[in-house]
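For our numbering, count along the sequence shown from 1 and bump the result up by 8.
Built from N, CA and C at the ideal position, the CB exists for glycine as well.
Quick caveat: nothing in here was measured; it's all calculated off a predicted structure.
To start, the structure under review is shown below, and the notes come after it.
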Amino acid sequence: MAGRAEVGELSAEQQEKLQRFKVTRADGRAINAPAISNHPAAFDWFTPQVTLRNDNERYLNSHPEVDVMIGDFLRNVLLKRPTDIREFAADHFSDPNLQVVIASKMEGNME
């Protein structure tokens, strides 16, 4: 059928979104993965957005509790399906036992 994508093929919209995540040099040309790891000045070419993404990834890797907290929150949202998500989020993140719950989950003592 003309105009229909094959199974596994990205749509034009998906390709456009993916293009936004490609690493580019300051002049706009794409950097392939080997160039990033092999070129000594590769970081000079990164756009500010890529640098920010890398900084964010480093931060999240050094704070695994963020992943546990977000996962715990989303799990509870999907289980309880609150009608007022803002109130639910406020209650969830202001729970005085949150620190204990997250610490327990990080130690592998899942409920």
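DSSP-derived helix/strand/coil call for residue i
i	result
G116	coil
I44	In this prediction, I44 scores a pLDDT of 47, lower than 50, which makes its location untrustworthy; no coordinate-derived value is stated.
N105	coil
L60	helix
L18	coil
R66	helix
Enclosing alpha helix (DSSP H) for residue i [first to last residue]
i	result
P72	P72 to K88
D99	I93 to F101
Nearest candidate by alpha-carbon position, reference residue i, set the options
i	options	result
S112	D80, E24, D63 and N62	D80
E115	R61, P72, V58 and D63	P72
I78	S19, L106 and D92	L106
V108	V58, V76 and S70	V76
Inter-residue CB distance, residue i and residue j (contact presumed, cutoff 8 Å)
i	j	result
F96	P90	4 Å
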